[in-house]
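Numbering (the numbering used here), first residue to last: 1317 to 1653.
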């Protein structure tokens, strides 16, 4: 993600220098310009691959960077041999026009490849959060279309001036902050989730096994509730984010109304609260374990079955009277004391 952010920054910085006419005073700035938009496209695609844990062959990586490398060589050569835009021959001007349109085609191609990577990632691992990347790609596509339209109008009607490209710069700036925050945060979150998931499998005992509803007598008399407790405590299905009354009733070969009634009668809780108790109990165990201390609480929330951090915090405070962060801090204080 860092190369992507740097490429976006350099691209915007160059056009800002051009807009304030600093490049007219310091011609050397022009020598440093490279087609960073081509570099950015590749690094973003590689980020998608890394995020979805897809590896690319070395030969394919070289091929991806070839448009940037070839275009950079041409740019450097042009800037060395020609002092100003006015001195460009027709061939050089044609090169710049073709480069812009080819860059758009390349952006569309890498966008399609990125969409496919995200689609495959969902089938392989439904824990991967790809929604934000889908939205990012859609915004990127809109910017590309605006870019082509503005550039085509500028060529067709011989319009000049950097102000024409202000909408694109504004969009890129927003994209920059979005990528900076979401990209780094989500990548860390995905890594933490994977680590937390692996550590959970290493537990000899699960906290939910130590949690009793005090309904053993009723459980023995009711085979449905007996099966329910078994699959919850042995298979840990409460960790599934898409767990619902309907999906559980299908597993238990009953209907939703019957299962809901049994859960209410036995636990004196709603189905959601009943499942959340197991999730919170496991979260408490994790937060009390030093092995998990370096991982984000949001990653823990997702791994114990909650769909988002806010829902987890609200449920945690409801059952414990404190927030997950304060709960972890109190444990650390006890350890130090």
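C-beta atoms are modelled at their ideal positions from N, C-alpha and C, and glycine is treated no differently.
From the options, residue whose alpha carbon lies closest to that of residue i
i, options, result
"residue 1507", "1544, 1612, 1583, 1596", "1612"
"residue 1409", "1395, 1421, 1422, 1420", "1395"
"residue 1422", "1359, 1371, 1586", "1359"
"residue 1550", "1361, 1378, 1517, 1619", "1517"
"residue 1568", "1580, 1557, 1365, 1547", "1547"
"residue 1607", "1362, 1553, 1513, 1371", "1513"
"residue 1595", "1559, 1397, 1582", "1559"
"residue 1424", "1377, 1436, 1463", "1463"
"residue 1429", "1349, 1363, 1405, 1590", "1363"
"residue 1619", "1437, 1645, 1404, 1515", "1515"
"residue 1609", "1407, 1647, 1371, 1436", "1647"
"residue 1557", "1471, 1357, 1625, 1380", "1625"
"residue 1623", "1319, 1470, 1469, 1447", "1447"
"residue 1367", "1474, 1398, 1475, 1437", "1437"
"residue 1356", "1440, 1491, 1406, 1641", "1491"
Integer Cβ distance of residue i from residue j, believed to fall under 8 Å
i, j, result
"residue 1633", "residue 1639", "6 Å"
"residue 1484", "residue 1466", "7 Å"
"residue 1571", "residue 1631", "Not quite, the Cβ-Cβ distance comes to about 26 Å (not below 8 Å), so this is no contact."
"residue 1449", "residue 1434", "6 Å"
"residue 1502", "residue 1445", "6 Å"
"residue 1621", "residue 1555", "5 Å"
"residue 1361", "residue 1426", "5 Å"
"residue 1487", "residue 1459", "5 Å"
Residues near residue i in its chain [Cβ-Cβ closer than 8 Å; skip 5 each side]
i, result
"residue 1643", "1600, 1603, 1632, 1636"
"residue 1354", "1383, 1384, 1387, 1419, 1422"
"residue 1574", "1540, 1565"
"residue 1544", "1564, 1568, 1575, 1578, 1579"
"residue 1365", "1371, 1372, 1433"
"residue 1524", "The pLDDT assigned to residue 1524 is 43, lower than 50, so where the model puts this residue is not dependable; a value taken from the coordinates is nonetheless given after this. Cβ within range, chain order: 1548, 1549, 1552, 1554, 1594, 1597, 1598."
"residue 1431", "1450, 1453"
Neighbourhood of residue i by C-beta, 7 Å cutoff - its chain only, sequence neighbours within 5 removed
i, result
"residue 1576", "1561, 1587"
"residue 1391", "1349, 1350, 1351"
"residue 1590", "1579, 1583"
Sequence-distant residues of the same chain with beta carbon closer than 6 Å to residue i, five excluded per side
i, result
"residue 1615", "1505, 1508, 1509, 1512"
"residue 1380", "1358"
"residue 1288", "Here the chain covers residues 1317 to 1653 and nothing more, so residue 1288 does not appear."
"residue 1398", "1404"
Touch test, the stretch 1405 to 1419 against the stretch 1383 to 1395, Cβ-Cβ under 8 Å, three pairs minimum: yes
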